[in-house]
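Read in order, the letters of the sequence shown correspond to residues 79 to 212 in this note's numbering.
Here a beta-carbon is modelled for each residue, glycine too, at the ideal position from N, C-alpha and C.
Notes to accompany the following structure.
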Amino acid sequence: MALIPLNTFKTKTARVLTGTEATTATTVYTAPVGTTAIVLMAQISNVSTASQLVSLVHFRRNRVLADAQGNGAQPGLTPNFLVKEFEIPSNDAASVLAGKLIVEELDSIRCFQPENATTGTLQLVMSILETANT
């Protein structure tokens with residue numbers, strides 16, 4: 079059996095596509111089984127000639143049970159917006175993550191432009207640190 083490396087740095091890139099909702103957006107990254115990831119940086123560049131809107135979503139795949147005090151329960155298959163319809167001016171970029179984000183096993187980061195967005199090109203770059211759970 080192959081072991082998962084303790085720490086692995088990765089860079090993920092994606093062209094942001096038009097989508098209708100967070101559950102059908104482009105999946106940019108999914109934390110592998112046995113791994114927890116830390117998103118260190120997420121930046122979106124607008125390489126178009128017009129302002130563009132973008133949404134970035136943390137998608138919780140698995141349900142989280144409440145702790146011993148009954149707090150913190152979360153349903154599975156839940157989109158949580160990090161930014162929603164955030165405007166980026168033409169030929170500009172924005173950091174869409176203030177701080178770091180933990181992405182647990184099988185959770186994902188998704189990104190999309192609203193369905194009614196003007197035609198343009200957005201590019202996403204993320205720096206990620208993956209670490210083995212065991």
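Just the C-alpha distance for residue i and residue j, rounded to the nearest angstrom, thanks.
i      : j      : result
Val174 : Gly154 : 24 Å
Asn211 : Thr108 : 15 Å
Lys223 : Val106 : An answer regarding residue 223 cannot be provided, because it is not within the stretch 79 to 212 covered by the chain.
Pro83  : Asn169 : 38 Å
Asn149 : Arg139 : 19 Å
Met204 : Leu134 : 12 Å
Leu202 : Asn194 : 20 Å
Ala120 : Ala146 : 34 Å
Glu183 : Leu81  : 16 Å
Val125 : Phe164 : 15 Å
Gly213 : Gln130 : The question about residue 213 has no answer here: the residues shown for the chain are numbered 79 through 212.
Val111 : His136 : 17 Å
Leu118 : Ala151 : 25 Å
Thr114 : Thr127 : 38 Å
Glu208 : Ile116 : 6 Å
Thr96  : Ile122 : 14 Å
At what residues does the beta strand (DSSP E) containing residue i begin and finish?
i      : result
Ile187 : Ser186 to Phe190
Asn85  : Asn85 to Val94
Mapping the DSSP letters down to three states, classify residue i as helix, strand or coil.
i      : result
Thr197 : coil
Leu81  : coil
Thr209 : strand
Name the one or two DSSP bridge partners that residue i has.
i      : result
Glu182 : Answer is none; Glu182 lacks a bridge partner.
Threshold first: 3 residues or longer. Then list the beta strand (DSSP E) segments lying entirely within the stretch 102-179, N to C. 104-108, 113-124, 130-138, 156-166 and 170-173
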